[in-house]
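As numbered in the UniProt record's numbering, residues 1 to 765 make up the sequence shown, in order.
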Amino acid sequence: GTGAGWSLEVSSNRSYSVITESWNGWVGRGFETPNSSTPSHGQGQLQLSQVAPSPVQPSTSRNGAATAPLGSLVHSKSPPGGVQIPGNCFSSSNCSTLPCEMMVLDVFQHETPIIAVMVALSSLLVIVFIIIVLYMLRFKKYKQAGSHSNSFRLSNGRTDDTEPQSMPLLARSPSTNRKYPPLPVDKLEEEINRRMADDNKLFREEFNALPACPIQATCEAASKEENKEKNRYVNILPYDHSRVHLTPVEGVPDSDYINASFINPDPKEDILFYLPPGPKEETVNDFWRMIWEQNTATIVMVTNLKERKECKCAQYWPDQGCWTYGNIRVSVEDVTVLVDYTVRKFCIQQVGDVTNKKPQRLVTQFHFTSWPDFGVPFTPIGMLKFLKKVKTCNPQYAGAIVVHCSAGVGRTGTFIVIDAMLDMMHAERKVDVYGFVSRIRAQRCQMVQTDMQYVFIYQALLEHYLYGDTELEVTSLEIHLQKIYNKVPGTSSNGLEEEFKKLTSIKIQNDKMRTGNLPANMKKNRVLQIIPYEFNRVIIPVKRGEENTDYVNASFIDGYRQKDSYIASQGPLQHTIEDFWRMIWEWKSCSIVMLTELEERGQEKCAQYWPSDGSVSYGDITVELKKEEECESYTVRDLLVTNTRENKSRQIRQFHFHGWPEVGIPGDGKGMINIIAAVQKQQQQSGNHPITVHCSAGAGRTGTFCALSTVLERVKAEAILDVFQTVKSLRLQRPHMVQTLEQYEFCYKVVQEYIDAFSDYANFK
């Protein structure tokens, strides 16, 4: 407090209830502040009247101001007589965008010593009560900060990384003496499990303890009137000490400014990254000027152009051909679209030289497309693959990598922290997430913007620590297979068995199967242990007037190049054939792969859902057999499917594989390679709608087909395979995919067989 008389200092950003309190002869009258997440300075005042002064010794803060705990009084030196103390903010940093944390209260003096003792006693009781109430309110709000779904809620009440034109900022971190030292990698799993307990309580505490911004940092260049339009968000600004400077354009004031910061956590090392926000239409020219001047060869983009119908980033590249941005010509050389990211290669050149002697440069953009509109990716597998690709493709001679999302703080920060911590993990066998985030926040504000992103960093590090880098070049597969058949020291298992044990240890999320476990749907499941997860179950239209008719036991499965490449389904039951065909029609699937016989070992494995001759109707769907052809290991059936309600028809081809014995696995991989090639050819002709794959339960053989199809497609494109992570990803999308050790081993054998006989399968290319 300051001024004469006494003042009560309350430090909190919570709303206050109306209170009346007294202490040592001072009576306070308060009123409620507006319930706002960002109260203005001076909102809410508590007036104190002196009835019997009693001196209290104040403590002294770093700046010399008298301070006192919540609910205590400090002496101030303004003249008595009811002079009101101005509502000043005592924060030592510029916090104009943050909730005010100080409320200084008016002081009035009255001489009523007769009731001083009684007032003092009652005041103590009231203050104790107030402290308890404030604590309970704080605890309640903290509990509400938890998330039980894909939407974590922060203490400021916003969801994940919502990014309006004025981005909500994190509140200043509370002062804490709590330390978060580096973690040895062998303690990583134990510590993550401990911190994730009670809805990530300890993770949130750690995240909230991070410093929001350096106290002495200034943003003078970014705040100039001439530069305001260059900022995507008015409160995400680069600090003056770490901003990227462009070469000034003659005659253009402040043309050296771009909203971008360099990240260099270790002053002894070179700059690692430049972090701009997603360019606006008005700043695309400056963006390419920065790329040219900083000799950047790699751009990492961690946002989509539009999310939730909001523009997150201007498209700063041409779809094809070339385009000129300012004095930089950008031409598209190549585009590769994969399931989690897209790689674009640009050739850039300065224009204006009539001799055309200006050098050309190759710039590669890695665009991560699997970050959801809300929250974080479902699994870190895709991000780790993406990060590895970026690191291996960035030339050693090039300048720093440019990384951007929309604001250039949340997802951008998450990416570079994972990258840095993986390097630390390998070099020092420890990780220091808290320390690294603290350091980079001194160079750009709000880096790693949400607690969900903070937890995701740890999940990515744990994923890498537990499973490592399991990618293989095709030339090393044979040697790898020889190694994994050797016994693992200290165990009775070989390497292949240990790999599969890791896969089977992945927890099945039974609590994420709500619809499939509804009583009305239980009879629609062939095997009760294999039920689709909610997040990727295939939904079919509800039948008019009938409840619980949108369910079918089937899951969308990602492929190598696109999401939802496959529909993994159980073999239809007799009473679910209509639902099966409604699913095929609704999702425009033109290819069906059947990996079981109708009956095996005397048990029904799948109801016959097509006619042996002529046509048959299932509700509004009529199926007519047009052609049947026997191939070496499979049968091809051409079916004409008509929706009588819509009066439309489609050609659908079924591939019925006969090479899978009733027990075990096929004797060789030739038949599987051939049917995968035939399905791929059909997809190219009919359009890339989902391929429906089913066996009996829709897990073992179905998972094996999806795994092999995905792995072989990558082998063709990159000469790289990763059987382990492919199967792991499948199991995260549907329970028990690739169900047995034999099926897992079969995946390796088929890939090796394909590589050995590559020239025999030219139709696969």
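Glycine included, every Cβ here is placed at the ideal spot set by N, Cα and C.
Bounds of the beta strand (DSSP E) holding His-404 are 401-404. Taking all protein chains shown into account, Val-417 has 16 or more neighbouring C-beta atoms within 10 Å of its C-beta and is therefore buried.
Remark: C-beta atoms of Ser-633 and Ile-675 approach each other more closely than 8 Å. For Trp-292, the enclosing alpha helix (DSSP H) has its first and last residue at 284-293.
Separation of the CB atoms of Gly-669 and Glu-753 is rounded to 4 Å, and the pair is thereby assigned contact status at 8 Å. Here Tyr-754 carries a helix assignment [DSSP, helix/strand/coil]. Straight-line measurement puts the Cα of Tyr-467 at about 42 Å from the Cα of Gln-608.
Under DSSP, Cys-313 forms no beta bridge with any residue.
In the DSSP assignment, His-241 falls outside any alpha helix (DSSP H) and carries neither an H nor an E.
Pairing Val-330 with Cys-322 gives a Cβ-Cβ distance under 8 Å. Inter-residue distance for Gln-509 and Lys-648 is about 39 Å (C-alpha atoms, whole angstroms). Within the same chain, no residue comes within 6 Å of Gln-680 by CB-CB distance, once the 5 residues on both sides are set aside. Around the beta carbon of Cys-219, 16 or more other beta carbons sit within 10 angstroms, so the residue counts as buried. In the structure shown, Gln-349 falls within a strand segment according to DSSP collapsed to helix, strand and coil.
Rounded to the nearest whole angstrom, the CA to CA distance from Thr-379 to Ile-192 is 15 Å. For the 8 Å CB-CB criterion, Ile-348 and Ile-299 do not form a contact. DSSP places Asn-553 in the uninterrupted beta strand (DSSP E) bounded by 551-557. The DSSP-derived three-state label of Trp-585 is helix. Annotation for Cys-322: the continuous beta strand (DSSP E) segment containing it runs 322-325. Val-723 and Cys-393 have their C-alpha atoms spaced approximately 23 Å apart. Sequence-distant partners of Ser-242 (beyond 5 residues in either direction) whose C-beta falls short of 7 Å from its own C-beta, in its chain, are Ser-261, Phe-262, Gln-443, Arg-444. Just so you know, the alpha carbons of His-694 and Pro-532 end up roughly 13 Å apart.
Setting aside the 5 residues that flank it on each side, Ser-617 is surrounded in the same chain by Val-623, Thr-644, each with a C-beta closer than 8 Å to its C-beta; the list follows chain order.
Residue environment for Phe-535: exposed (fewer than 16 other C-beta atoms within 10 angstroms of its C-beta). Contact check between the region 381-396 and the region 536-555: fewer than three CB pairs, one atom from each, fall below 8 Å, which does not count as touching. DSSP places Lys-388 within a helical segment (H, G or I) once states are collapsed to three.
From the listed residues Gly-408, Pro-182, Asp-254, the smallest Cα separation to Lys-280 is found for Gly-408. Within the DSSP bridge table, the entry for Val-332 names Phe-346 as partners. Non-local beta-carbon contacts of Tyr-744 in its own chain, meaning distances under 6 Å to residues more than five positions away in sequence, involve Phe-500, Val-738 in chain order. Judged by beta-carbon spacing, Leu-721 lies within the 8 Å limit of Arg-714, meaning their Cβ atoms are closer than that value. Excluding the 5 residues flanking it on each side, Glu-189 has same chain C-beta neighbours closer than 8 Å at Leu-462, Tyr-465, Leu-466, in chain order.
Val-337 is the residue among Val-337, Asp-240, Glu-307 whose C-alpha sits nearest the C-alpha of Arg-561. Per DSSP, Lys-626 is one residue of the beta strand (DSSP E) stretching across 621-630. Membership of Asn-517 in any beta strand (DSSP E) is not indicated, and neither H nor E is assigned to it by DSSP. Pro-248 is not a Cβ neighbour of Glu-226, given a cutoff of 8 Å. Straight through space, the alpha carbons of Gly-516 and Phe-456 are spaced by roughly 28 Å.
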